[in-house]
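J.: There's a structure below that I have some questions on.
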Amino acid sequence: MKQHRKLLFALLFVILFASSAAAQALKEEVVFGQKIKYLDAGSGPVVVLLHGLGGNSTNWAFTTPALTQKFRVIVPDQVGFGQSDKPLINYRVGTYVDFLDKLLGQLKVERATLVGNSMGGWVAAAYAVKYPAKVEKLVLVDSAGFAPPKDFDLAALSGLNPSTREEMKRLAGMVFYNPLLKSDAAVDVLLAQRMSAGDGYTIQRLVESIYHNEDMLDGKLAGLKQPVLIVWGREDGLTPLAREGEKFRRELPGAQWVVFDGCGHVPQFEKAAEFNAALLKFLSQ
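Oh and the sequence shown: position 181 is 170 in the numbering used here, straight run, nothing missing.
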């Protein structure tokens, strides 16, 4: 029970405090006329951490400190999220690939390891497909990116942009494994954060891009030559291992795998110590 309470307190910390602290530390680049906020810390080979749909750079609050002693770590608030500008455009994964390439070019980064969670994994994989020479290694964490199966209820995607407690509770139930992280108290905190994030339009447009099967990864990954690590939470209800994970396994048969038991959609949070150990091991190879 003490461990569970620590996780709840950690969730509250990340949502309520880490975001404001990180905002003060974030640097800024103007990319395609938009202000992009990002964390840039440490020195050494470059590792880029990419958050998922509805997230921001604080989603990596427990990962960044573990990396900065050996690596230069760049963690952007991707356009439309966090403290970055939120233009009213037709967002799609291709948008994020373009913004990432421009940002890294402006930061004089010629080659980097990309680590992406959920939609961030989709962006990382799509970037590696388009710019293979610029990607040293690739880490996909409970990644999205494949076209939904024909029997998938596309209406369920609207739940990715919750506006009620019921919708937030349902989404938390898919994202988290630990019961306290989807408790009524946690749901209230999560919904308050969602209401103040200001990224509802961004999410809606990205959901619409999924409706239209834009920028899907199906059939595109076989040519990747970089070392790939795939990390998954066995209890992920948002991008289930048995469905989405197995698609990556088929398309990237040479990838290394780490699956965490008792873990949902965000291993870098629910299994932070174990995730960091697995990531550092892969990066050191």
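Cβ coordinates follow ideal geometry from the N, Cα and C atoms, glycine included.
#1: K126 to L56, Cα distance in whole Å?
#2: CA-CA distance, A181 and P168?
#3: Let me know the secondary structure DSSP gives G189 once reduced to three states.
#4: List the residues that DSSP assigns as beta-bridge partners of T53.
#5: Taking a contact to mean a Cβ-Cβ separation below 8 Å, would you say D188 touches G69 in this structure?
#6: Which term fits P256, buried or exposed, when burial requires 16 or more other beta carbons within 10 angstroms of its beta carbon?
#7: To the nearest whole angstrom, what separates the beta carbons of L230 and W111, a pair I think is in contact under 8 Å?
#8: Among the candidates E233, E259, M108 and D90, whose CA atom is the shortest distance from the CA of V196?
#9: List the DSSP bridge partners of T84.
#10: Per the contact definition of three or more C-beta pairs closer than 8 Å, is the stretch 143 to 153 in contact with the stretch 231 to 246?
#11: Under the three-state reduction of DSSP, which class applies to I199: helix, strand or coil?
#12: Do Q245 and L213 have their beta-carbon atoms positioned less than 8 Å apart in this structure?
#13: Which residues in the same chain as T53 place their Cβ atom closer than 8 Å to its Cβ, once the five residues preceding and following it in sequence are excluded?
T.: Judging by the given coordinates:
#1: 15 Å
#2: 19 Å
#3: helix
#4: According to DSSP, which records beta bridges pairwise, T53 is partnered with nothing at all.
#5: yes
#6: By the 10 Å Cβ count, P256 comes out buried.
#7: Contact flag wrong, Cβ pair sits at about 16 Å.
#8: M108
#9: According to DSSP, T84 bridges with nothing at all.
#10: no
#11: If DSSP states are grouped into helix, strand and coil, I199 belongs with the helices.
#12: Taking 8 Å as the Cβ cut-off, L213 and Q245 do not qualify as a contacting pair.
#13: L28, A30, L38, V62 and V64
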